[in-house]
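Let me begin by presenting the structure, written as structure tokens, before commenting on it.
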Amino acid sequence: MSDIDDIDLPDIPRAPVDPSGDALGPNRILSDFDLDREYPNRPRNKNPTLPFADLYLSLFEPLLANKKKKTGVGIRGTKALKPHEIRRNIIDRFISRWRNEVGNDIYPALRLILCEKDRDRSVYHLKEKTIGRLLVKVMKINKDSDDGYALINWKQPGASKSAGDFALRCYEIIKKRPMRTTPGNLTITQVNSMLDRLSLASKEEEQLPIMTEFYNNMNASELMWLIRIIMRQMKVGATERTFFDAWHPDAAALFNISSSLKRVCWELSDPEFRMDSDDKSVSLMSCFQPQLAQFQKRSLDDAVKAMHLTPEDPVFWIEEKLDGERMQMHYENGNFMFWSRKAKDYTRLYGSCFDDGSLTRHLRGAFDDGVQSIILDGEMITWDPRLDCIVAFGTLKTAALEGIRNPYGDGPRPLFRVFDILHLNGECLINYTLRDRRTALERSVKNVHRRMEIHEYEEAREAVEIERALRKVIDEASEGLVIKNPRSVYRLNDRNDDWMKVKPEYMTEFGESLDLLVLGGYWGSGSRGGILSSYLCGLRVDGNHLKPGENPMKFRSFCKVGGGFTANDYSKVAHMTDSQWVPWDPKKPPNEYIEIVSNGRGVDQPDVWIRPDKSIVLEVKAASIIPTDEFRAGKSLRFPRFRRIREDKDWQSALSISELIAFKEEVEKEKAEEEKRIEVENRKRRTGKRIKREYIVLGANDKPADFVSSAIEGCPQLFEGRSFYVMSDATIPKKMGKAEIEQLIKSHGGKIYQTENAVSCTNIIGDRNNVKISALKKKGTHDIIRPAWIFDCIRQHELDLQRGHKGCYIIPIEPRHILHASGSAERRATAALDQFGDSYARDLTMEELSKLLHDMPGTFDRTFAADFVKGLDELDQRELDELPGWMFKSLVIYVDMQDQGQANKNLKPPECLALFAGARIAQDLQDPDITHIVASSNRQRLQELRDMIKWRPRIPRIVTKDWLESSLEARTILDAERFLPVLSDDR
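Under the UniProt record's numbering, the residues of the sequence shown are numbered 1 to 987, in order.
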């Protein structure tokens, strides 16, 4: 948890944003009127929401029971459902019931079920002890009674098994004195409304009435689950992905690009509706779920194998892992927005434009002149310009707030290190390789010294290079490394081997191992509830550090260790220290034995402490020794982890302050020698020059990149002076993504906008009824034209250029081009065609011509078709390519006359042209271009034919005459596999 996740940000003006980006702010509670205005197409429930009790009775409790259930045997020996199948059934039943009894708006329920993902409600100003104190007052019990003490000191073990589980501890105590013994009548909507009020209450006198109202209207079980929701610690045995998949197939994808439960529930209320591929891409001013780095493999060699190196591209990248806050920056035409990894909005802290914030006011000139919009992924860290180094992450909030108060001071400041780019000038880049994205990043962003900088990387080929880099970051007390596959694409909300972190604490061969004495313990929570889950360790005071008359059994706090323990380790520690622990009394600390604080501040006081001569020694491994004022020793360990219990040592042989100083000097000496060795190795290291691929910054060049089609050089721009808003991909007459259509328009001079109101004459392009198009239809303010019109305009333009016409002519819109339009637009479109549907303004394709002839009144039989094809024989062959009657033009067919019988009569030369519709008829089997052989089913003859053609580079297909006739009737070339000769034994 970062130090800025729960802070109250100052009230700094923010730039306006598009409401569809769902960035309305966490502290804003919208009325129904506001919701209707912001989300006019949101689903409406037909009935009131279910009671809150039904939520835990039909969902939470069954899921929790299934979490603990083992796969067994079903009825009459049949195999029982697996836990994940039962889990899905429970969720499906609840969602089905909601749709049937309530309606299609499941947002009220889902924001309680997935409370930790709900960013529309701000954090509650409540921790366990605060809730405990409120419940003591609500139930009017003495805080010094057993129950009152147990509520506030919930981690301490007692007679029950609820230690470490605060909600369960509350349930046990409330059950003794409930206001209700049966489930209450509060609905899910009412609970949400009360929780909204609770999230805005920051003082106890505001919180107490709300908690009292909950207590008066809920039984003990309901209150237990309510507390879990407030703490955002549900843990019912089902992830958000399970709920998303049950709600809608595209729910997880939409959440990954928006981080909004509201959008998932409201835009995907119809399970039959499917998102376009372009709708699953990151978009400006909408928070996405970033890609995460995989945990370290067992060895560095395994990590390199996971990079999938090839002889052609044997390279992976090594980046320093920064000790900061993962942050995404969105920028468009002077406006900024920032979000953390947990989708918390930090725009007010870092800045919404070039005139405010602790960061953005310094970013003028940070982008290439051609950049209009961009999304960057990186790490926000604290930089101290006086020391010229990174400062500990815990100072980030202070530095940012100070940067607002004193923008041009010389104190610590936020520094945004950028390592990826996801969006550029309307183009989503997540499907480009990391190498291509990096090139785009370097061409789009300019370093602003110690404000925003592109994060550096180095290329590597072997595991030894990771080891060398890791030694370097250990020397610099850095966070670790991230190794990346430059051939990989960006995977939203995924943790995979393409990005892999390597931290010093994961490595067995690096770092210091020290023998430290345990001084105190901290009670655990969750799965470690009821036991001491972490320990305060210290150094023995000796030599000049021990004042005259002081107890020689005196220790100073040095570090806190909680990682690396197994269940057996905890059990062994508990056994060796049984009955020796003493509760910590803040008023009477054991200063005779333990010194904790330094300069009036220090580490959290332990829950219990132990005399040094009764304690044990732990071997602790760490990455490095660092200075600190958090512990009394003045130094501490970076990434400490437990390794083993040193049963052969006691307090007298534990590490002392003098021994630590000597040890550190020895380590520094070894590091100096290692640096010399690395310098020698670097001289021998072979270097390779990487050829960078050209990557065009969209909008930054005079001629934008065209990934789909390029305009004919030297010709006028077809769409020059016209503006377009593309709202979906194309499905007919060919499939093409939204981004590809936009590039096609740009390459012909058109301008692209991302809103229908950008300019008054915007052409709205769309081909399917997605959420945005449905909303625009409902407004009735714009005509929506299919992408087929774009394709037809470009095709006609190219035909005109081939004929020598240099002007640009936009064809009129026809009825088939319209997805949605007013009556007048439909009348104008109809006027563009004659009575048979032939366009006055453009050339028909052969397919359209064939359909037009087919639909005309009168007979269009095969005889007419043959004569018609003969009449077309003198026309430009390029215009016949798509005519069904000319579909065999590219084929060379050999008709085997042997044993054809009736075929000989039908396949006379005069009928061949009509029958084969343009195919070339091979006169003998030696023709090297034969594509198909029409033959009988005689087994012996077929074997002869196969022997004659099996040596050909391209083996012709052997078919029956039915293939020819059926293809002509179907007006397309049918699959030859359906017309293979059926073998017979005829001789």
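The C-beta atom is built at its ideal place from N, Cα and C for all residues, glycine as well.
Taking DSSP's pairing of strands, which residues face residue i in a bridge?
i, result
"THR187", "PRO51"
"ASN496", "ALA293"
"ASP377", "GLN328, ASP420"
"LEU532", "TRP523"
"ILE752", "PHE724"
"ASP345", "TRP339"
"ALA730", "MET736"
"SER281", "According to DSSP, which records beta bridges pairwise, SER281 is partnered with nothing at all."
"CYS389", "ASP384"
"CYS537", "VAL518, CYS559"
"ILE810", "Beta-bridge pairing links ILE810 to no other residue."
Compute the Euclidean distance between the alpha carbons of residue i and residue j, then round it to the nearest angstrom.
i, j, result
"VAL982", "ASP975", "16 Å"
"ILE210", "ALA246", "33 Å"
"SER709", "GLY426", "For SER709, the pLDDT reaches just 32, beneath the cut-off of 50, and the residue's location in the model is therefore unreliable, leaving the point undetermined."
"ALA238", "ARG87", "7 Å"
"SER193", "GLY411", "43 Å"
"LEU980", "ARG941", "14 Å"
"LEU849", "SER258", "46 Å"
"GLU742", "ILE752", "7 Å"
"ALA832", "TRP266", "40 Å"
"ALA841", "HIS797", "11 Å"
"LEU81", "ASN493", "29 Å"
"LYS614", "LEU539", "16 Å"
"TYR56", "MET224", "10 Å"
"HIS362", "PHE354", "7 Å"
"LYS117", "SER286", "15 Å"
"ILE784", "LEU744", "18 Å"
"LEU226", "LEU126", "13 Å"
Can you list, in chain order, the residues of its chain whose CB lies under 7 Å from that of residue i, leaving out five sequence neighbours each side?
i, result
"ASP604", "none"
"PRO612", "LEU517, MET553, PHE555, TYR593, TRP651"
"TYR350", "PHE338, GLY357, SER358, LEU359, THR360, ALA400, PRO414"
"LEU718", "HIS748, GLY749, CYS793, ILE794, HIS797, CYS808"
"ARG386", "ASP410"
"ASN256", "PHE288, GLN289, LEU492, ASN493"
"ARG228", "ALA167, MET234"
"TRP581", "GLY521, VAL608, ILE610"
Compute the beta-carbon to beta-carbon distance between residue i and residue j, rounded to the nearest angstrom, for a pair I have assumed lies under 8 Å.
i, j, result
"HIS748", "ILE794", "6 Å"
"ILE90", "ASN66", "7 Å"
"TRP383", "ARG364", "Incorrect: roughly 19 Å between the Cβ atoms, too far for contact."
"GLY480", "LYS501", "6 Å"
"ILE933", "ASP896", "6 Å"
"residue 992", "SER513", "Here the chain has residues from 1 to 987 only, and residue 992 is not among them."
"GLY520", "ILE404", "Not quite, the Cβ-Cβ distance comes to about 39 Å (not below 8 Å), so this is no contact."
For residue i, collect the residues of the same chain with a Cβ closer than 6 Å to its Cβ; drop the 5 residues on either side in sequence, then sort them by chain order.
i, result
"GLU465", "none"
"PHE416", "GLY378, MET380, MET452"
"ASN104", "PRO43, SER269"
"LEU59", "PHE94"
"ALA463", "LEU300, ASP301, VAL304"
"VAL617", "ASP515, LEU517, ARG646, LYS649, ALA654"
"ARG786", "ASP767, HIS817, LEU819"
"ASP165", "GLY529"
Which same chain residues end up closer than 8 Å to residue i when comparing Cβ atoms and leaving out the 5 residues on each side of it in sequence?
i, result
"ASN333", "GLN372, SER373"
"ASP927", "VAL892, TYR894"
"ASN770", "PHE273, MET275, ASP276, ASP279, MET727, SER728"
Is it buried or exposed, residue i, if we count other Cβ atoms within 10 angstroms and call 16 or more buried?
i, result
"ALA662", "exposed"
"TRP951", "exposed"
"ARG438", "buried"
"MET856", "exposed"
"VAL264", "buried"
"TYR215", "buried"
"PRO956", "buried"
"ARG468", "buried"
"GLN943", "exposed"
Let me check you understand the geometry: is the CB of residue i closer than 8 Å to at least one non-hydrogen atom of the ligand FMN?
i, result
"LYS321", "What this structure holds is no ligand at all, so the ligand FMN is not there to describe."
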